[in-house]
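A.B. asks:
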Amino acid sequence: MLAPARLPTPLTRLLDPVFERAGVRLRLKRDDLAHPLVPGNKWRKLAPNLELARAEGHTRLLTFGGAYSTHVRAVAAAAHALGLGSTGVIRGEELADAPRNRSLRAAEEYGMELEFVPRSAYRSLVTGDHGDLVARWGRCLVLPEGGSNASAVRGAAAIPAELPDLGARDLVCCPVGTGGTLAGIAAGLPSGARALGVAVLRGEGYLEREVTALHRAAYGREFANWRIDHGHHGGGYGRVPAALEEFAAAFERRHGIGIERRYVAKTLLAVYDLAEAGELAPGTRVTVVVTGLPDGTG
Ligand SMILES: Cc1ncc(COP(=O)(O)O)c(C=O)c1O
């Protein structure tokens, strides 16, 4: 059995001179505390898919990712807790015989079977019709890379639904990897409130198209209340430049809250930069969704 999530997740007000000078309020939505096995946006995106797997009688979950994917590990943990089989299709054939990193070792300990595929074949497997995979692994619920599908977007829409009194002064911020979390937050906002996603990879144009496609898939329409910041990816996916590391360490010292670097720290740095540059109108209330646990925990 999968333990229930601890919802609503806490909302923490932060006092910080950068925001005080700008006349802006800053809060953290602590989704990192949502669930011990499936924390952060993983819970928001996976929970409705697990429900779907149960309703449709699937006995296996299959998904895709790189060797460091926290999504792959979360799927393994959830499948294990629910008594389902799981398969992880992992990018990089050369990793098959290499010692497992922490993430893949944890996935295997949860019983996930790993299939390592050549980098050249990986993309077409992810975007293809999955017929070959289903033939190999049997009937299974196939979850996309990063877990972002229509059900996941509807799951993430529960995040703003947990924020009381949202209105025109509110800006709700989150990292953008595959776009499902931002798509859900934007869709769940009441009229007047806005969502800001911070790209964690070089993806200008591409990420906007992904979010729009997810809105169409989940709600059959587009939303105009969101945008993506492309100035804080730190050089690309998984990159943590020295300035970002320094910012995150100083934030941790000042506020006593551990910060995940590849997604959450980039988002926080973006809102600090916007506040410092005077790009947030005085009176704005910024809520940063903490979508994952600090590195090395969980
Ligand atoms: C901690 C964390 N935050 C944010 C994201 C990005 O979310 P999305 O893929 O929905 O854009 C991820 C990746 O899945 C993540 O691991």
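Its first residue numbered 1, the sequence shown is counted upward by one per residue in UniProt numbering.
All C-beta atoms in this analysis are idealised placements derived from N, C-alpha and C, irrespective of residue type, glycine included.
Alpha carbon to alpha carbon, what distance is there between leucine 62 and tyrosine 219?
C.D. replies: Near 25 angstroms, if we compare the C-alpha coordinates of leucine 62 and tyrosine 219.
A.B. asks: Rounded to the nearest angstrom, what separates glycine 205 and threonine 212 at their Cα positions?
C.D. replies: Approximately 11 angstroms, taken between the alpha carbons.
A.B. asks: Out of curiosity, what's the CA-to-CA distance linking valine 198 and alanine 186?
C.D. replies: Distance between the alpha carbons of valine 198 and alanine 186: 13 angstroms.
A.B. asks: Would you say tyrosine 263 touches ligand 1, meaning its beta carbon is less than 7 angstroms from a heavy atom?
C.D. replies: Yes, the Cβ of tyrosine 263 comes within 7 angstroms of a heavy atom of ligand 1.
A.B. asks: Return the residue from the list Glu115, Ser120 and Gly155 that minimises the CA-CA distance to arginine 136.
C.D. replies: Closest option to arginine 136, Cα to Cα, is Glu115.
A.B. asks: Could you check whether the stretch 265-279 touches the stretch 16-29, counting it as contact only if at least three pairs of C-beta atoms, one from each stretch, sit closer than 8 angstroms?
C.D. replies: Flag = yes, the stretch 265-279 and the stretch 16-29 touch.
A.B. asks: Would alanine 195 and leucine 182 be called neighbours here (beta carbons separated by less than 8 angstroms)?
C.D. replies: Yes.
A.B. asks: So, is methionine 1 buried or exposed, given that buried needs 16 or more other C-beta atoms within 10 angstroms?
C.D. replies: Methionine 1 should be labelled exposed.
A.B. asks: For aspartate 170, name the three-state secondary structure that DSSP assigns.
C.D. replies: Three-state result, aspartate 170: strand.
A.B. asks: Starting from residue 304, trace the beta strand (DSSP E) both ways and give me its first and last residue.
C.D. replies: With the chain represented from 1 up to 298, any question about residue 304 goes unanswered, as that position is not in the structure.
A.B. asks: Restricting to Cα atoms, I'd like to know which of Arg202, Val288, Ser148 and Leu163 is closest to histidine 71.
C.D. replies: Among Arg202, Val288, Ser148 and Leu163, the Cα nearest to that of histidine 71 belongs to Ser148.
A.B. asks: For arginine 44 versus glycine 184, is the C-beta distance shorter than 8 angstroms?
C.D. replies: Yes. Within cutoff.
A.B. asks: As an exercise, report each continuous alpha helix (DSSP H) stretch of at least 4 residues that is fully enclosed by the stretch 11-70, in chain order.
C.D. replies: Listed in chain order, they are 17-22 and 41-55.
A.B. asks: Is alanine 86 helix, strand or coil when you go by DSSP?
C.D. replies: Here the sequence assigns serine to residue 86, which means alanine is not the residue at that position. The answer is strand: DSSP assigns serine 86 an E or B state.
A.B. asks: Where alanine 152 and leucine 7 are concerned, what is the direct C-alpha to C-alpha distance, given to the nearest angstrom?
C.D. replies: Cα to Cα, the separation comes out at about 17 angstroms.
A.B. asks: Ends of the beta strand (DSSP E) at leucine 114?
C.D. replies: First-last of the beta strand (DSSP E) with leucine 114: 113-117.
A.B. asks: Using the Cα positions of proline 294 and alanine 47, report the straight-line distance between them to the nearest angstrom.
C.D. replies: Taking the straight line from one Cα to the other gives about 21 angstroms.
A.B. asks: Rounded to whole angstroms, what is the Cα-Cα separation between proline 39 and alanine 121?
C.D. replies: Whole-angstrom Cα-Cα distance: 30 angstroms.
A.B. asks: Please indicate yes or no: does the CB of leucine 95 lie closer than 7 angstroms to some heavy atom of ligand 3?
C.D. replies: This structure simply doesn't include ligand 3; it includes ligand 1 instead.
A.B. asks: Taking the alpha-carbon positions, what's the glycine 238 to glycine 65 distance?
C.D. replies: Rounded to whole angstroms, glycine 238 to glycine 65 spans 13 angstroms at the Cα level.
A.B. asks: Spell out the partners DSSP gives leucine 293 in its beta bridges.
C.D. replies: In DSSP, leucine 293 forms no bridge with anything.
A.B. asks: Just checking histidine 71 against ligand 1 - is the residue's beta carbon closer than 7 angstroms to any of the ligand's heavy atoms?
C.D. replies: Indeed, a heavy atom of ligand 1 lies less than 7 angstroms from the Cβ.
A.B. asks: Whose C-beta lies closer than 7 angstroms to the C-beta of leucine 95 among residues of the same chain, with five residues either side of it excluded?
C.D. replies: Ala67 and Phe116.
A.B. asks: At what residues does the alpha helix (DSSP H) containing valine 271 begin and finish?
C.D. replies: Start and end: 266-276.
A.B. asks: Quick one: what's got a C-beta closer than 7 angstroms to arginine 202's C-beta in the same chain, skipping five residues either side?
C.D. replies: Once the five neighbours on either side are set aside, the close Cβ partners of arginine 202 are His233 and Gly236.
A.B. asks: Looking at the unbroken alpha helix (DSSP H) that takes in valine 134, where does it start and where does it end?
C.D. replies: Per DSSP, valine 134 belongs to the alpha helix (DSSP H) from 131-137.
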